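Just add 101 to the spot in the sequence shown (first one is 1) and you have this note's numbering. C-beta atoms are modelled at their ideal positions from N, C-alpha and C, and glycine is treated no differently. From a predicted model like this one, the values you see are computed outputs, not experimental measurements. Have a look at the structure below before the remarks.
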Amino acid sequence: MKTQADIVIVGGGLNGPPLALALAQAGLSVVVIDARPAPDRAERGFDGRAYSLALASRRLLGAIGVWERVADRVQPIARIRTGDGQVGFGASPFVLTFDQAEIEDGPMGFMLEDRFLYAAFRKAMEAEANITLLSGETVVAQRGGEVTLASGPRIAARLIVGCDGRGSGVAARAGIARRGHDYGQTALVTAIAHDRPHDGVAHQLFLPSGPLAILPLPGNMSSIVWSETRGLAEAIHALPDAEYLQALRPRFGDFLGEIRLAGARFTYPLSLSLAERFVAPRVALVGDAAHGVHPLAGQGLNLGLRDVAALAEVVIQAARRGEDIGATDVLERYQRWRRFDTTAMALGMDAMNRLFSNDNPALRLVRDLGLGAVNALPGLRRRFIRQAAGVAGDVPVLLDGRRP
Ligand SMILES: Cc1cc2nc3c(=O)[nH]c(=O)nc-3n(C[C@H](O)[C@H](O)[C@H](O)COP(=O)(O)OP(=O)(O)OC[C@H]3O[C@@H](n4cnc5c(N)ncnc54)[C@H](O)[C@@H]3O)c2cc1C
102 MKTQADIVIV GGGLNGPPLA LALAQAGLSV VVIDARPAPD RAERGFDGRA YSLALASRRL
162 LGAIGVWERV ADRVQPIARI RTGDGQVGFG ASPFVLTFDQ AEIEDGPMGF MLEDRFLYAA
222 FRKAMEAEAN ITLLSGETVV AQRGGEVTLA SGPRIAARLI VGCDGRGSGV AARAGIARRG
282 HDYGQTALVT AIAHDRPHDG VAHQLFLPSG PLAILPLPGN MSSIVWSETR GLAEAIHALP
342 DAEYLQALRP RFGDFLGEIR LAGARFTYPL SLSLAERFVA PRVALVGDAA HGVHPLAGQG
402 LNLGLRDVAA LAEVVIQAAR RGEDIGATDV LERYQRWRRF DTTAMALGMD AMNRLFSNDN
462 PALRLVRDLG LGAVNALPGL RRRFIRQAAG VAGDVPVLLD GRRP
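Written out as structure tokens, the structure is:
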């Protein structure tokens, strides 16, 4: 085992692996440490978890050689329909629709099951000579550019990256505080099979107690992310499958025909958790370690992959110039690039959740008129689509499908 590397990445979930691949492909040595044991979710059957990947995320996966491993598993998202809803009534008539035909770049997003993405990351890392992958190992201490594993060994690096999720120990040990609040909501996550085809349409329905997303998977299947107030979510989760489906059905109507459960049922308590800084001396935070957001727009992983692209570009360029990649002025470039975007996105989703998660008739009218107005303005709608696809603004080259 190496005890010295250019970069140590703590966390081999969804953001650690693509960062490791991008850095290693540029010739940097990387150690990835993940607390989970090796096979874990990669070898399980379908468990109901899936992600929406924006167009820019797809380009990043292409640039690091992961897309070719998952391309035959994805479901392109042809259209997104967003609307207000009431239990028993389905969506209101003021539905906002985003269509892939409105951007020239291709489908605005793709759905991909967790198990395929995770397995593809693992295989790509195992094939990369510059990556040392330590599974089933936990980082328990860190000082300067050195981490200590629970099993004893210490690993020194010029940069330590925290990809260790919302409860980031890397952030805590670097003295980075977090801000946020509990939404008092829990997401019920599962997959359903249905009689009618989804035609590649993703639905985001805003119900009074929280948003419900119905996201297309290959075949006649959809992924469900259904947010409810915590008490109600726990009560629904405790129901047997048939009654769970009975509670779900009236929330989105019958446009998919008869529905059946097709995956395991999960719950996720929802909270906003933002790190006050994304960097400290020899430390950078990426993904949920930097910003845990509401899943309502399916943007959590996409935001993380934008961090991956920005940090990889900053670090690779600094290394090529002979700079110290863990130096504060180098890491500040990453923070300047990402902090505003992520904070704005997190607070935007926070505001949307507050505006939509209630049954106030006046607010219902305002938001329905708002959705109707955006729908009527193609220019504005196109701006939203480009934003959601991740192709707007100052985009790192990996998100454009090129290696830095
Ligand atoms: C209900 C729900 C639905 C979602 N749907 C979508 C979606 O459709 N699209 C989307 O883009 N995003 C979605 N997200 C968000 C997405 O799941 C997260 O943004 C993503 O998982 C974050 O990845 P990460 O790698 O930053 O952290 P994680 O996936 O949390 O991984 C952290 C890793 O760090 C490891 N770790 C932690 N501490 C240590 C330690 N001390 N030593 C070693 N290893 C450690 C853990 O074992 C873990 O593997 C959703 C989230 C939720 C809750």
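- Across the structure, LEU373 and PRO505 are spaced so that their CA atoms are roughly 31 Å apart.
- Annotation: VAL240 to LEU357 spans about 46 Å, alpha carbon to alpha carbon.
- GLN436 is a Cβ neighbour of VAL380, given a cutoff of 7 Å.
- A distance below 6 Å between beta-carbons, with the five flanking residues on each side excluded, links HIS392 to the following residues of its chain, in chain order: LEU375, THR443 and ALA447.
- Pairing GLN126 with ALA314, the inter-Cα distance amounts to about 36 Å.
- Note that the C-beta distance between GLY405 and GLY388 is below 7 Å.
- Just so you know, the alpha carbons of ILE108 and ARG150 end up roughly 30 Å apart.
- Rounded to the nearest whole angstrom, the CA to CA distance from THR104 to GLU247 is 9 Å.
- Using a 10 angstroms sphere on the CB of ALA157, the tally of other CB atoms reaches 16 or more, which defines it as buried.
- MET212 is positioned such that its CB atom lies closer than 7 Å to that of GLN176.
- About 5 Å separates the beta carbon of THR368 from that of THR287, a gap short enough to meet the 8 Å contact definition.
- When rounded, the separation of the alpha-carbon atoms in ARG216 and ASP148 is 8 Å.
- In the structure shown, ALA106 adopts extended strand secondary structure according to DSSP, grouped into three states.
- Looking at the DSSP output, PRO177 shares a beta bridge with PHE211.
- Below 8 Å, too few C-beta pairs join the stretch 260–279 and the stretch 308–328 to call them touching: fewer than three.
- Here the alpha carbons of ARG223 and VAL111 stand approximately 15 Å from one another.
- Of the other Cβ atoms in all chains shown, fewer than 16 fall within 10 Å of the Cβ of ARG280; this residue is therefore exposed.
- Taking the Cβ atoms as the reference, PRO317 lies roughly 6 Å from VAL302, within the contact range of under 8 Å.
- Per DSSP, ASP342 is one residue of the alpha helix (DSSP H) stretching across 342–353.
- The beta carbons of THR291 and GLY364 sit closer together than 7 Å.
- Closer than 6 Å to some heavy atom of ligand 1: that describes the Cβ of SER153.
- One Cα belongs to VAL132, the other to ALA275, and the distance between them is close to 19 Å.
- Collapsing the DSSP output to three states places PHE367 in a strand.
- With respect to the 7 Å criterion, ILE232 and ALA121 are classified as neighbours on the basis of their beta carbons.
- In terms of CA proximity to THR330, HIS338 leads the group ALA228, SER323 and HIS338.
- Straight-line spacing of the CA atoms in ALA343 and ALA334 works out to 16 Å.
- For the set ALA155, ASP355 and PRO351, the Cα lying nearest the Cα of GLY210 is the one of ALA155.
- Of the residues assessed, SER252 falls on the exposed side of the cut-off, its CB having fewer than 16 other CB atoms within 10 angstroms.
- Taking C-beta atoms as the reference points, LEU412 and ALA385 count as a pair closer than 7 Å.
- For the pair ALA221 and VAL171, the Cα-to-Cα distance works out to about 7 Å.
- ALA348 has its alpha-carbon roughly 11 Å from the corresponding atom of ALA336.
- Looking from the CA of TYR152, the closest CA among GLY401, ARG422, VAL415 and ARG421 belongs to GLY401.
- Here PHE353 is buried, its C-beta having at least 16 other C-beta atoms within 10 Å.
- In the DSSP annotation of this structure, the continuous segment of the alpha helix (DSSP H) that includes ASP408 starts and ends at 401–421.
- Shown here, ARG160 sits in a helix according to DSSP, grouped into three states.
- Taken in chain order, the complete beta strand (DSSP E) segments of 3 or more residues contained in the stretch 229–277 are 232–236, 240–244, 247–250 and 255–263.
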